[in-house]
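S.K.:
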Amino acid sequence: MTPPASPLSPPVIAVDGPSGVGKGMVTRWLAHALGWHRLDSGALYRILALAAQRAGIGHEQQEAVAALAPGLEIRFAGTTEADEAILVNGEDWTAQVRSEATGGLASRIASAPAVRAALLQRQRDFRQAPGLVADGRDMGTVVFPDARLKIFLEASAEARAERRWRQLSQAGVDAKLLDLCAEVRARDERDRKRAIAPLAPAADAIVVDSTQMKPDEVLAEIGRLLRVCGIAP
Ligand code: C5P
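Quick note: the sequence shown uses our numbering, first residue 117, plus one each step.
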């Protein structure tokens, strides 16, 4: 059920898009520039997927996976990618949460209605003054349909796989570009075609295609959209 939009609720900027499109960079920059909170909704799906794996629960057992959500005490620390720490029940899960394998597991549990329902209120609880920048797949369509600004970031699967490959290479990780491209396509397919909350721009979202853009050009465009919407950093 969509909650009624209240003029008293803190404002939300929703940034949705496929994996590897640069939502993390954009939402971190926005949260910093505006001094707003940030929700990394993908991390919640990743954490729940890992918790299920640790408990020996298969991704197809959706009710059992969903039942784990209330027992997870989650804390996000740090503001940049480099100093990020994800603590779950007091334990540091950062590296595992960020792995490619966990991203794949998360996208499998994310197609289950019970799992999405279990995480819905938890995501809405991040909406606190002075405002929230929300990063995900369904921020503008399902979780915050009354967001003040909805941005949908796009980029071709090839461009996203290449960016990821560069990141991994710089970190000394030997990854195959073709494998990454196949993973990106498989995850896209699952996220865009699922029956519930499929990855798609909200009707009132502004689509920014970054395939041919450098990171600073993307941020300049987002800054322009903020000014157009009267949201001042
Ligand atoms: O964004 P990230 O790559 O961390 O998300 C991992 C997976 O979690 C996605 O592939 C997607 O299937 C799922 N997800 C989702 N809805 C969100 C955020 C993530 O279904 N709002």
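Virtual Cβ for every residue (Gly too), placed ideally from N, Cα, C.
With distances taken between CB atoms, is the gap from residue 251 to residue 158 smaller than 8 angstroms?
M.R.: Looking up residue 251 in the sequence shown gives position 135. Looking up residue 158 in the sequence shown gives position 42. Yes.
S.K.: How long is the line joining the alpha carbons of residue 311 and residue 229, rounded to whole angstroms?
M.R.: Taking the sequence shown and counting its residues from 1, the one referred to as residue 311 is at position 195. Taking the sequence shown and counting its residues from 1, the one referred to as residue 229 is at position 113. Their backbone Cα atoms lie some 9 angstroms apart in a straight line.
S.K.: Would you say residue 248 and residue 155 are within 8 angstroms of each other, going by their C-beta atoms?
M.R.: On the sequence shown, position 132 is the one that residue 248 refers to. On the sequence shown, position 39 is the one that residue 155 refers to. For residue 248 and residue 155, yes; Cβs fall inside 8 angstroms.
S.K.: Just tell me which of 235, 136, 144, 165 has its CA closest to the CA of residue 194.
M.R.: The sequence position of residue 194 within the sequence shown is 78, counting from 1. Of 235, 136, 144, 165, the residue nearest in Cα terms is 144.
S.K.: Which two residues bound the contiguous alpha helix (DSSP H) that contains residue 347?
M.R.: To locate residue 347, count along the sequence shown from 1; it is residue 231. Careful: residue 347 lies outside any alpha helix (DSSP H) and carries neither H nor E.
S.K.: Under the DSSP definition of a beta bridge, which residues are partnered with residue 254?
M.R.: One-based indexing of the sequence shown puts residue 254 at position 138. Its beta-bridge partners do not exist; DSSP assigns none.
S.K.: Taking the beta carbon of residue 299 as the centre, do at least 16 other beta carbons fall within 10 Å, making it buried, or is it exposed?
M.R.: Along the sequence shown, one-based indexing puts residue 299 at 183. Classification for residue 299: buried.
S.K.: Does the Cβ-Cβ distance between residue 280 and residue 138 come in under 8 angstroms?
M.R.: The residue labelled residue 280 in the question sits at position 164 within the sequence shown. The residue labelled residue 138 in the question sits at position 22 within the sequence shown. Result no, Cβ atoms of residue 280 and residue 138 do not sit closer than 8 angstroms.
S.K.: Report yes if the C-beta distance between residue 333 and residue 133 is below 8 angstroms; otherwise report no.
M.R.: As a first step, residue 333 is located in the sequence shown; it is residue number 217 there, counting from the start. As a first step, residue 133 is located in the sequence shown; it is residue number 17 there, counting from the start. Their beta carbons are not under 8 angstroms apart, which means residue 333 does not touch residue 133 by this criterion.
S.K.: Please state the DSSP three-state secondary structure of residue 266.
M.R.: For the purposes of this step, residue 266 is identified with residue 150 of the sequence shown, where counting begins at 1. In this structure, residue 266 counts as strand in the three-state DSSP scheme.
S.K.: Output needed for residue 191: all residues of its chain with C-beta closer than 7 angstroms, excluding positions within five of it in sequence on either side, in chain order.
M.R.: For the purposes of this step, residue 191 is taken as residue 75 along the sequence shown, with counting starting at 1. Excluding sequence neighbours, residue 191 sits near 203.
S.K.: Anyone know if the C-beta pair for residue 129 and residue 265 falls short of 8 angstroms?
M.R.: On the sequence shown, position 13 is the one that residue 129 refers to. On the sequence shown, position 149 is the one that residue 265 refers to. A contact, by the Cβ cut-off of 8 angstroms.
S.K.: Go through its chain and collect everything with a Cβ distance to residue 338's Cβ below 8 angstroms, but skip five positions before and after it.
M.R.: Here residue 338 is taken as the residue at index 222 of the sequence shown, counted from 1. The residues are 142, 145, 146, 267, 324.
S.K.: For residue 217, count the other beta carbons within 10 Å of its own beta carbon; 16 or more makes it buried, fewer makes it exposed. Which is it?
M.R.: The residue you call residue 217 lines up with position 101 of the sequence shown. By the neighbour-count rule (16 or more Cβ atoms within 10 Å), residue 217 is not buried but exposed.
S.K.: Does DSSP put residue 235 in a helix, a strand or coil?
M.R.: Within the sequence shown, residue 235 is the residue found at index 119, counting from 1. Helix.
S.K.: Note down the Cα distance separating residue 165 from residue 233, rounded to an integer number of angstroms.
M.R.: Within the sequence shown, the letter at position 49 stands for residue 165. Within the sequence shown, the letter at position 117 stands for residue 233. Their backbone Cα atoms lie some 15 angstroms apart in a straight line.
S.K.: Ignore the nearest five residues each way along the sequence and tell me which others in residue 212's own chain have a CB closer than 8 angstroms to its CB.
M.R.: Along the sequence shown, read from residue 1 onward, the residue named residue 212 stands at position 96. Cβ within range, chain order: 166, 218.
S.K.: Tell me the DSSP secondary structure of residue 225 in three-state form.
M.R.: For the purposes of this step, residue 225 is taken as the residue at position 109 of the sequence shown. Three-state result, residue 225: helix.
S.K.: Alpha carbon to alpha carbon, how far is residue 237 from residue 140?
M.R.: Here residue 237 corresponds to residue number 121 of the sequence shown, with the count starting at 1. Here residue 140 corresponds to residue number 24 of the sequence shown, with the count starting at 1. Between residue 237 and residue 140, the C-alpha separation is close to 22 angstroms.
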